[in-house]
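Below is one structure; the comments refer to it alone.
2 protein chains.
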Amino acid sequence: MSMISRKQQRQQSLQAALDDNPFLTDEQLAQQLEASVPTIRLDRLALGIPELRERTKHMALDAQKKLQAIASEDIVGQLIDLELGHSGISMMQITPEMVLKRTGVARGHFIFAQANSLALAVIDAPAALTGIANVKYKVPVHQGDNLVARAEVVRKVETKYTIWVKIRNNNKEVFRAKFLIVSIPKEGDNENENSR
Amino acid sequence: MSMISRKQQRQQSLQAALDDNPFLTDEQLAQQLEASVPTIRLDRLALGIPELRERTKHMALDAQKKLQAIASEDIVGQLIDLELGHSGISMMQITPEMVLKRTGVARGHFIFAQANSLALAVIDAPAALTGIANVKYKVPVHQGDNLVARAEVVRKVETKYTIWVKIRNNNKEVFRAKFLIVSIPKEGDNENENSR
DNA sequence: CAGATATTAAGACTAGGTCTTAAAAGGTGA
DNA sequence: TCACCTTTTAAGACCTAGTCTTAATATCTG
Chain R
1 MSMISRKQQR QQSLQAALDD NPFLTDEQLA QQLEASVPTI RLDRLALGIP ELRERTKHMA
61 LDAQKKLQAI ASEDIVGQLI DLELGHSGIS MMQITPEMVL KRTGVARGHF IFAQANSLAL
121 AVIDAPAALT GIANVKYKVP VHQGDNLVAR AEVVRKVETK YTIWVKIRNN NKEVFRAKFL
181 IVSIPKEGDN ENENSR
Chain E
1001 MSMISRKQQR QQSLQAALDD NPFLTDEQLA QQLEASVPTI RLDRLALGIP ELRERTKHMA
1061 LDAQKKLQAI ASEDIVGQLI DLELGHSGIS MMQITPEMVL KRTGVARGHF IFAQANSLAL
1121 AVIDAPAALT GIANVKYKVP VHQGDNLVAR AEVVRKVETK YTIWVKIRNN NKEVFRAKFL
1181 IVSIPKEGDN ENENSR
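Chains as they are written, first to last, in this note's numbering: chain R, 1 to 196; chain E, 1001 to 1196.
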């Protein structure tokens, strides 16, 4: 009776084929699965899979959003609280992209990114550069973990800030770092002051 | 004679509009720039800008590739040379996503990512975790810069490696870091050996 | 005003779908 | 074996966001 109908099997293959390559047209799918194009359309409808163009568009938007979240703009993670010049708190959830497949452990640079960008956000200046970072990873972090980072300015001498960032997962400290950050007060071209 | 023709001005606006939102159709562009659809098409042709669907597709592929490069799999940057257990070299170009818009300076965690992932790659073990990192940013790095990272194992005690990573831009050292990395030899669940 | 350049229009075609309606094929129970 | 029902395929009309070609109009400039 319900011996996995040909239909179900085909729909599974369809799903798999699109997971593998979302840029397949219905025609290509029809060929690959040895069914007619209308059948493919029915299957897509049944599975709630949109047409190629919609899929492409979603992928574009999606990937872009993730890129922005990871790469550009503001802070890595969500800024929860900020007292400019004093302290700040941010939160970040470990997504599948952040972990090494073999071990399931989050790659260190994402945690560093959260800490570093929070440290920079706390500085009360239009721009700032990280100079030195001392970092300690205490406990490995895994997918789905929710990291809470707390940054505190512990010293400020002229444009030089010393900032401590501690990251906790479920109230257990998993990471801590000390950043020495230099703020750049004016728009002047004085970026070479600490080079050579 | 060449007083910036209306045409040129319109084409600039077109480029800007698409930079801002690449999902605009010709019709929407025509409305926005107060020209006819055919004009928009001619302008696109002149500027070598493909149609909406092509743009969307390229974005999807592009962003996905970048995501992979930044987020998942292997190394951040390109692995150029690797002597397992001894040294390694990787290269990474600073893309627009990596820089802060205000200052044009690369965000520190990308450079950290390159260094850290290279350091991990050098370890001759199935898996490894970063324990401690001491990091110094010497010179700010900008968009388009080509960073060459060189990692070297300087000490190894049992499962604990000390690795130096130096990054140069155009033969000038811009970053250096020391990593203490613990390798995990077996598949056993001994991840808590260095916690608390 | 002539001539060149820029712009718009008109028509035919395309891909990769949509949605609706209809026909054919196939297996199953009585 | 027939009738029924599900599954599959087909056929036709429509859509978007283009393509490419050819032709007609504006508009500016010397």
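C-beta atoms are modelled at their ideal positions from N, C-alpha and C, and glycine is treated no differently.
Taking one beta carbon from each stretch, the stretch 1102 to 1116 of chain E and the stretch 1052 to 1067 of chain E have fewer than 3 pairs nearer than 8 Å; the two do not touch.
At a C-beta separation below 8 Å, residue 1064 (chain E) has these neighbours in chain R: 59 and 63. Around the Cβ of residue 130 (chain R), a 10 Å sphere holds 16 or more other Cβ atoms; the residue is buried. Within chain E, not a single residue places a beta-carbon under 9 Å from that of residue 50 (chain R); the smallest gap is close to 13 Å. In this structure, residue 147 (chain R) sits near residue 167 (chain R), with a CB-CB distance shorter than 8 Å. CA-CA distance, residue 26 (chain R) to residue 45 (chain R), rounds to 12 Å. In the structure shown, residue 1085 (chain E) falls within a coil segment according to DSSP collapsed to helix, strand and coil. Residue 7 (chain R) and residue 1119 (chain E) have their alpha carbons spaced roughly 50 Å apart.
Around the beta carbon of residue 1084 (chain E), a 10 Å sphere encloses fewer than 16 other beta carbons of the protein chains shown; the residue is thus reported as exposed. Apart from the 5 residues on each side of it in sequence, residue 1049 (chain E) sits with its Cβ closer than 7 Å to the Cβ of 1018 in its chain, given in chain order. From the beta-carbon of residue 1112 (chain E), the residues of chain R found nearer than 7 Å are 109 and 112. Annotated three-state conformation of residue 102 (chain R) is coil, per DSSP.
Judged by their CB atoms, residue 86 (chain R) and residue 165 (chain R) are not nearer to each other than the 8 Å cut-off. Scanning its chain for C-beta atoms nearer than 7 Å, with the 5 sequence neighbours on each side dropped, one finds around residue 112 (chain R) the residues 135, in chain order. The residue among R:171, R:145, R:161 and R:133 with its C-alpha nearest the C-alpha of residue 178 (chain R) is R:133. By the Cβ-count criterion, residue 1020 (chain E) is exposed, with fewer than 16 other Cβ atoms from all chains shown falling within 10 Å of its own Cβ.
Given a length threshold of 4 residues, each whole run of the alpha helix (DSSP H) inside the stretch 98 to 180 of chain R is given here in chain order: 108 to 122. Looking at the backbone, the Cα of residue 1009 (chain E) and that of residue 1034 (chain E) are separated by about 12 Å. Under the three-state reduction of DSSP output, residue 182 (chain R) falls in the strand class. Residue contact with chain E for residue 97 (chain R): present (Cβ-Cβ distance below 8 Å to some residue of chain E). Annotation for residue 1040 (chain E): the continuous alpha helix (DSSP H) segment containing it runs 1037 to 1047. Residues of the stretch 132 to 156 of chain R that bring their beta carbon within less than 7 Å of a beta carbon in chain E comprise 132, 133, 134, 135, 136, 137, 138, 139 and 140, in sequence order. Taking a C-beta cut-off of 7 Å against chain R, none of the residues of the stretch 1008 to 1025 of chain E qualify. The distance from the Cβ of residue 80 (chain R) to that of residue 89 (chain R) is about 4 Å, consistent with a contact at the 8 Å cut-off. Chain R has no Cβ within less than 8 Å of the Cβ of residue 1079 (chain E).
In its chain, beyond the 5 residues on either side, 1143 have a beta carbon closer than 8 Å to the beta carbon of residue 1096 (chain E). Contact between residue 1047 (chain E) and residue 1011 (chain E) holds, since their C-beta atoms are separated by about 6 Å, short of 8 Å. Sequence-distant partners of residue 32 (chain R) (beyond 5 residues in either direction) whose C-beta falls short of 7 Å from its own C-beta, in its chain, are 17. In the DSSP annotation of this structure, the continuous segment of the alpha helix (DSSP H) that includes residue 1018 (chain E) starts and ends at 1006 to 1020. In the structure shown, residue 1024 (chain E) falls within a coil segment according to DSSP collapsed to helix, strand and coil. The beta carbon of residue 125 (chain R) sits no closer than 8 Å to any beta carbon of chain E.
At a cut-off of 8 Å between beta-carbon atoms, residue 130 (chain R) makes contact with chain E.
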